[in-house]
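Written below as structure tokens is the structure these notes are about.
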Amino acid sequence: MNSLNHAEIIGNITRDPELKNTKAGQGVTTIGVATNRGWTDSNGSRHDEAEFHNVVCWGKLAEISCQFLKKGSKVYFAGRLRTRSWEDEAGVKHFRTEIVAQDMIILSPKGSSGGEGIGGYSADDAEAPLEDMVIEEPSAEDLPF
41 MNSLNHAEII GNITRDPELK NTKAGQGVTT IGVATNRGWT DSNGSRHDEA
91 EFHNVVCWGK LAEISCQFLK KGSKVYFAGR LRTRSWEDEA GVKHFRTEIV
141 AQDMIILSPK GSSGGEGIGG YSADDAEAPL EDMVIEEPSA EDLPF
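Counting from 41, one number per residue, gives the positions in the sequence shown under the numbering used here.
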């Protein structure tokens, strides 16, 4: 049986994206996204809850995200989940689960304080030059963060 690793979120950017490069020169951006959920309990009390996600964009998608997204932008991301681990200087092992983005749609209206307009972008967008596409994802050691 085949397996499925797919994640989709719609939320707001929590900080301005920043483009970094791996040692090999591959562009990468880590974007914080907040999603919100609200519900009313059996007593009629309203509750709100925020969940925070880490989204990683590679190559051309990383460049586009830095160009068009800013703190507060509403955006849709689709991709796959990846958990990576590392040890800090004290020998403590850390884990981080991220969404590796394959598609992005900017949902903020053009000219709003939260974005540059509605538009969709894909990691395998046919209009993007082949030399900007991610052929093989770098290893965790290559990450600049």
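Built from N, CA and C at the ideal position, the CB exists for glycine as well. In this text the structure is predicted, and so the values were computed from the model without any measurement.
Under the three-state DSSP convention, the category residue i falls into
| i | result |
| --- | --- |
| residue 166 | Residue placement at residue 166 is flagged as unreliable, the pLDDT there being 38, under the threshold of 50; a coordinate-derived value is accordingly withheld. |
| residue 148 | coil |
| residue 82 | coil |
| residue 125 | strand |
| residue 102 | helix |
| residue 107 | helix |
| residue 52 | strand |
| residue 60 | strand |
| residue 66 | coil |
| residue 130 | coil |
Expected contact under 8 Å - CB spacing of residue i and residue j to nearest Å
| i | j | result |
| --- | --- | --- |
| residue 141 | residue 119 | 4 Å |
| residue 62 | residue 106 | That belief does not hold up - the Cβ atoms of residue 62 and residue 106 are roughly 15 Å apart, past 8 Å. |
CA nearest to the CA of residue i, picked from the options
| i | options | result |
| --- | --- | --- |
| residue 101 | 44, 60, 136 | 60 |
| residue 104 | 146, 42, 54, 55 | 146 |
| residue 57 | 80, 94, 75 | 94 |
| residue 18 | 46, 136, 66 | Summary: the structure shown does not reach residue 18, with the chain confined to residues 41 through 185, and so no result is reported for it. |
| residue 144 | 88, 96, 123 | 96 |
| residue 110 | 92, 49, 72, 64 | 72 |
| residue 123 | 129, 130, 131, 136 | 136 |
| residue 49 | 108, 134, 91 | 91 |
| residue 121 | 138, 130, 55 | 138 |
Residue burial classification, residue i (beta-carbon count within 10 angstroms, cutoff 16)
| i | result |
| --- | --- |
| residue 117 | buried |
| residue 52 | buried |
| residue 125 | exposed |
| residue 114 | buried |
| residue 82 | exposed |
Below-8 Å beta-carbon distance, residue i vs any chain C residue
| i | result |
| --- | --- |
| residue 138 | Looking for chain C here will not work: only one protein chain is present. |
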